[in-house]
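Below: the structure, in structure tokens.
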Ligand code: PGA
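In my numbering, the protein residues as written are 299 to 520.
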């Protein structure tokens, strides 16, 4: 049975109250051994989510959506790897929206990866194709074609499978997930692909009931 990952990315959404409401509605208490759920939430709600996850023993790992390329120090507004240590297990680096709207360069992303790894954070590294450089220390790769993100038009799973396979083969068999307009309707097509090790979910992770249905679908997947 292959190891599967379900990565929720809330992006720039959720007030403190909305985050509390979401986590209170997350009723899933046990996932199969081969499923890892990772919730990448805004910095502002990580601490409260951590408390609630621990209190209710929920099967969720927390992740951040980005990280500073600098260590601790006089870098106003930045969140360093050291600050995230103990709060999250994972961090997304190189999401398409960070590259596009915040002009994050390859060089900066490699520095972020070094910072994350130096503090023991597991890296979910995002790429939009096979030719992007993936840091040696990445734990997971999230392949997200830009045209599929938030567009409601997921990629053809057979094409994604080929790309995920190539990425994995070029990078020591690293698990590669697909992301971009994944919903209950498109999920099965991706899960059934041999080289896709799970999915990244943006919009469909915001509503707790919709996300739970995705968790259930992945959990019942053989
Ligand atoms: P989406 O976002 O599911 O809303 O398309 C995916 C992502 O950017 O991770």
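Glycine included, C-beta positions come from ideal geometry on N, C-alpha and C.
Neighbour-count burial assignment, residue i, 16 or more Cβ in a 10 Å radius
{"i": "residue 324", "result": "buried"}
{"i": "residue 398", "result": "exposed"}
{"i": "residue 363", "result": "buried"}
{"i": "residue 453", "result": "buried"}
{"i": "residue 457", "result": "exposed"}
{"i": "residue 488", "result": "buried"}
{"i": "residue 469", "result": "buried"}
{"i": "residue 486", "result": "exposed"}
{"i": "residue 374", "result": "exposed"}
Cutoff 8 Å: residue i Cβ touching any chain D Cβ
{"i": "residue 397", "result": "Reference to chain D is not applicable here, since this structure consists of a single protein chain."}
Unbroken alpha helix (DSSP H) run spanning residue i, endpoints
{"i": "residue 334", "result": "Not the alpha helix (DSSP H): residue 334 falls in the beta strand (DSSP E), residues 333 to 338."}
{"i": "residue 439", "result": "From DSSP, residue 439 is part of no alpha helix (DSSP H) but of the beta strand (DSSP E) over 436 to 441."}
{"i": "residue 512", "result": "506 to 517"}
{"i": "residue 359", "result": "Unbroken run through residue 359 is the beta strand (DSSP E), 359 to 362; no alpha helix (DSSP H)."}
Unbroken beta strand (DSSP E) run spanning residue i, endpoints
{"i": "residue 307", "result": "302 to 307"}
{"i": "residue 260", "result": "What is shown of the chain runs 299 to 520, which leaves residue 260 out entirely."}
{"i": "residue 420", "result": "420 to 425"}
{"i": "residue 540", "result": "Residue 540 is absent from the model: the chain starts at 299 and stops at 520."}
{"i": "residue 480", "result": "Per DSSP, residue 480 belongs to no beta strand (DSSP E) and is neither H nor E."}
{"i": "residue 457", "result": "Counting along the chain, residue 457 falls outside any beta strand (DSSP E), though it belongs to the alpha helix (DSSP H) covering 455 to 468."}
Residues around the ligand SAH, please: the ones whose beta-carbon is closer than 6 Å to some heavy atom of it, in chain order.
Looking at this structure, you won't find the ligand SAH anywhere; what it does contain is the ligand PGA.
Exercise. Okay, do the stretch 382 to 396 and the stretch 354 to 369 touch, 3+ Cβ pairs below 8 Å being the bar?
Worked result: With the rule of 3 Cβ pairs closer than 8 Å, the stretch 382 to 396 counts as touching the stretch 354 to 369.
Using 8 Å as the threshold, is the stretch 488 to 508 in touch with the stretch 464 to 478, meaning 3 or more CB pairs across them?
Touching, yes.
Margin query: When you compare the stretch 503 to 516 with the stretch 459 to 466, are there three or more beta-carbon pairs, one atom per stretch, that lie closer than 8 Å?
Written below: No contact exists between the stretch 503 to 516 and the stretch 459 to 466.
Q. Okay, do the stretch 333 to 351 and the stretch 394 to 410 touch, 3+ Cβ pairs below 8 Å being the bar?
A. Result no; under three Cβ-Cβ pairs closer than 8 Å.
| Per the contact definition of three or more C-beta pairs closer than 8 Å, is the stretch 423 to 430 in contact with the stretch 376 to 383? | Result no; under three Cβ-Cβ pairs closer than 8 Å.
Q | Cβ pair count under 8 Å reaching 3, the stretch 401 to 413 against the stretch 307 to 326 | A | No, because fewer than three Cβ pairs between the stretch 401 to 413 and the stretch 307 to 326 fall closer than 8 Å, the two stretches do not touch.
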